[in-house]
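Position 203 of the sequence shown, counting from 1, maps to 1301 under the numbering used here, and the rest follow consecutively.
This report refers to the structure that appears directly beneath it.
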Amino acid sequence: NYKGFYLQDELGFLDNSLRLTLAGRYTILKAGNVYSGSSTNEKFTPRIGLSYSIDKNTSAYFVRDESFTENYGSDFNKNSFDPQTGTNLELGFKRDWMNGKWNSTIAAYQITLNNVLTADPEHAQFSRQNGKQKVKGVEVDIRGEIFKNFDVVANYAFTEGTTTKDTNPDLVGNQVPGSSRHILNTWLNYKVDNGLLNGVGVSLGYQFQAKRAPWSISTANTATLPDYFRLDGG
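Rendered as structure tokens:
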């Protein structure tokens, strides 16, 4: 289980056009397994954010933060794994259009992960915690009102996840297992605001994923899973 506390403070400069956010989380992670008993890990993860209002409709931001999450299971020697740690860097822009009826966000990021579980080459069905991954990409979100009571939400994510360290050298440079290079979502929503159907909403959306990596940490298979298209309604 997780315990801890979180602190945050925001400072404004240049008539609050420039804002600095300083934050940090202190986490105590208690885990255990039936072999070696309980274990406790502690870590302080800082977070710094900087945002600037270019004009009343446009802003830019930068964020650097860290992660600290549990690695489940145990190794061949029946010892619990150390937590997985990571560092995230993100730079983005936000803008409102048409008096706020439309808004858009574009962001670029890079995440570095340490203590990633990898296959144990000496003991089948067991893992080690010496892997590393680097994930970087670009995300674009657009939301807006097409006409009264009819709006759209669309987003696209390009993700390049790469294994940078592994017990199997053949896996270094491969796409991160389970990741998709391209993801595209769109939702259309309409809500009735009068008459007998007042309050009734109808939604239609889809998701498309392309260049998907298989869920495997033990083979050097570089093949991709088939692309897929899914349609949803409500």
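Glycine residues also receive a C-beta, built at the ideal position from the N, C-alpha and C atoms.
Asked: Anticipated Cβ contact below 8 angstroms, Phe1191 with Ile1209, distance rounded; Found: So it is not a contact: roughly 19 angstroms between Cβ atoms.
Asked: Straight-line gap, Ile1146 to Leu1295 (C-alpha atoms, nearest Å); Found: 47 angstroms
Asked: Spatial distance of Ser1149 from Arg1162 (CA atoms); Found: 12 angstroms
Asked: Own chain residues within Cβ distance below 8 angstroms of Trp1195, not counting five before or after; Found: Asn1155, Asn1201, Ser1202 and Gly1242
Asked: Bounding residues of the beta strand (DSSP E) (the contiguous stretch that carries Lys1309); Found: Gly1299 to Arg1310
Asked: Identified DSSP bridge partners for Tyr1124; Found: Phe1103 and Phe1142
Asked: Spatial distance of Thr1119 from Gly1171 (CA atoms); Found: 36 angstroms
Asked: DSSP beta-bridge partners of Arg1279; Found: Answer is none; Arg1279 lacks a bridge partner.
Asked: For Pro1312, the nearest candidate out of Asn1287, Phe1306, Gly1276 and Pro1324 (CA to CA); Found: Gly1276
Asked: Spatial neighbours of Gly1235 in its chain, beta-carbon cut-off 7 angstroms, leaving aside the 5 residues before and after; Found: Tyr1207, Ala1255, Phe1256, Thr1257 and Glu1258
Asked: Cβ-based burial, Arg1226 [other Cβ within 10 Å; buried from 16]; Found: buried
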